[in-house]
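Engineer: Would you mind keeping the following structure in view while I ask a few things?
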Amino acid sequence: MISTIPFEIPAELLGRVASGELVRYGTILKDAGTGQIVKHLQETGVAQSILSSLASGPFAPVSALADVVSAGANVYAGLQVQQLKTMMETLQFLQVATLGVSLAGVGVSVAGFYYMHKRFNSLEDRMDELSETIKLGFENLGHRDLRKQLHSTKSLLQRAQQARALSDTRSEYSEVAAGLADQAAYFEGEIAFMVKNNGAIDLDVFRQMAQMLMLCNSVRIDCRIRTNELRHALVVSESVASDYENLFTHLTPLSFGTDFTKGLFSVKVLRDVSDAAFSKPYLIDYLRTRRINGADYIWALEEEKNSPLLLLDTSN
């Protein structure tokens, strides 16, 4: 039952982090003494509203949220600046480098499909702007193939967004997840090509490709959780974590050319992404072993109206 899911407000736990009693790894908090996982950090429907309202770029830093708070802007109907501030302070305190609703490490799945759709449109526009500067083997034929893959991904995301209106959601979510696995394989292959290519990696192009890869993987895991196929979601999440490690571990700030500051931030983001990916299987396994229905879990997070972030207590 939803009412039995033991969620807590992150702000109430920050003192234990400050004292060193708890340490963060990816999206989990561990007991510093025993190494036991005691909390899982999760974004909620409020967080999705915040992020979908921000015109944030790829790998959006916490500073993007800080700018909104500083301006005192009410970026979403019914959303209070205090909620923005609380979310920002929590992320900064926990040294989470990125925002992005499951794309870059705050949550496990909770794919806010409206946000995902908006993010996709932003990436698609940016990829179109970059089309003339891509010199990594795309050229005309490659660019047409890339746009085909982008539109296929967009179609799958739209299907995921609309699936909840069906009387039988399971089959649709399963088909979408399978399609996104193919899309993820495409973007992963393009990133691997960029990484192995001689010379500096074009950071702008790399960011777009990485975001598309994370988008596909996040939503495909989300779909499996929504159908309560937690064993399969666990296997997929483990594979995704391994893929990110292989792709990103060996990158350094110098991999992206002469702008060391941008390269350093991007590497930090990618480390956070990888850590978050490795922490996902722990949460999925906890839901499975505690017999918490995946769809109920996501529904509870989406229906949260007050706190942008929650912690799932696993200490009991």
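Everything in the sequence shown is counted per the working numbering, starting at -5 for the first residue and increasing by one. For glycine and all other residues, C-beta sits at the position ideal for the given N, C-alpha and C. Source: prediction; values computed, not measured.
#1: How would you write the range of the beta strand (DSSP E) that Gln36 sits in, first residue to last?
#2: Which residues in the same chain have their Cβ closer than 7 Å to the Cβ of Tyr180, if we skip the five residues on either side of it in sequence?
#3: Between which residues of its own chain and Pro302 is the CB-CB distance below 7 Å, once the five residues before and five after are set aside?
#4: From this set, Val17, Met208, Leu16, Lys33, which residue's C-alpha is nearest Leu281's C-alpha?
#5: Who are the near neighbours of Tyr160 in its chain, counting only those whose CB is closer than 8 Å to its CB and skipping five residues on each side?
#6: Expressed to the nearest angstrom, what Euclidean distance is found between the alpha-carbon atoms of Arg225 and Asp279?
#7: Asp25 by DSSP, collapsed to three states: which one?
#8: Check whether the stretch 285 to 297 and the stretch 250 to 265 touch, using three or more Cβ-Cβ pairs below 8 Å as the test.
#9: Just the C-alpha distance for Leu241 and Gln205, rounded to the nearest angstrom, thanks.
#10: With distances taken Cα to Cα, identify the nearest neighbour of Arg201 among Pro0, Leu304, Leu264.
#11: Rounding to the nearest angstrom, what Cα-Cα distance links Asp176 and Lys274 in this structure?
#12: When you compare the CB positions of Ala154 and Cys217, do they come within less than 8 Å of one another, or not?
#13: Is Gln156 near the ligand ATP, going by C-beta to nearest heavy atom under 7 Å?
#14: Per DSSP, what kind of secondary structure is Gly131 in: helix, strand or coil?
#15: Alpha carbon to alpha carbon, what distance is there between Ile215 and Val230?
#16: With a threshold of 6 Å on Cβ separation, who are the neighbours of Val227 within its own chain once the five nearest residues in sequence on each side are excluded?
#17: Could you say which of Thr(-2), Lys24, Ile(-1), Pro0 lies nearest to Leu8 if we only look at CA atoms?
#18: Glu2 and Asp290 - do their beta-carbons sit closer together than 8 Å?
#19: Out of Ile195, Ile286, Leu174, which has the shortest C-alpha to C-alpha gap to Asp253?
#20: Which residue's Cα is closest to the Cα of Asn191: Leu245, Thr84, Asn222, Gly173?
#21: For Ser149, count the other beta carbons within 10 Å of its own beta carbon; 16 or more makes it buried, fewer makes it exposed. Which is it?
#22: Reducing DSSP to helix, strand and coil, say where Phe259 ends up.
#23: Buried or exposed, going by whether 16 or more other CB atoms sit within 10 Å of the CB of Ser13?
#24: What residue does the alpha helix (DSSP H) around Val199 start on, and which one ends it?
Structural biologist: The structure says:
#1: 31 to 37
#2: Gln143
#3: Glu37, Thr38, Val40, Ala41, Ile44, Gln77, Thr80, Met81
#4: Lys33
#5: Per the sequence shown, the amino acid found at residue 160 is Leu instead of Tyr. So the list reads Glu166, once near-sequence residues are dropped.
#6: 8 Å
#7: strand
#8: no
#9: 13 Å
#10: Leu264
#11: 21 Å
#12: yes
#13: Summarising the ligand content, the structure contains no ligands, and the ligand ATP is consequently not present.
#14: Caution is warranted here: a pLDDT of 48 is assigned to Gly131, below 50, making its placement in the model unreliable, and the coordinate value is therefore given only provisionally. Gly131 falls in the coil class under three-state DSSP.
#15: 7 Å
#16: Note on identity: in this sequence residue 227 is Ala, with Val being the wrong assignment. If we look at Ala227 and ignore the five residues flanking it on each side, its Cβ neighbours are Ile215, Arg218, Ile219, Ile278.
#17: Lys24
#18: no
#19: Ile195
#20: Leu245
#21: exposed
#22: helix
#23: exposed
#24: 197 to 220
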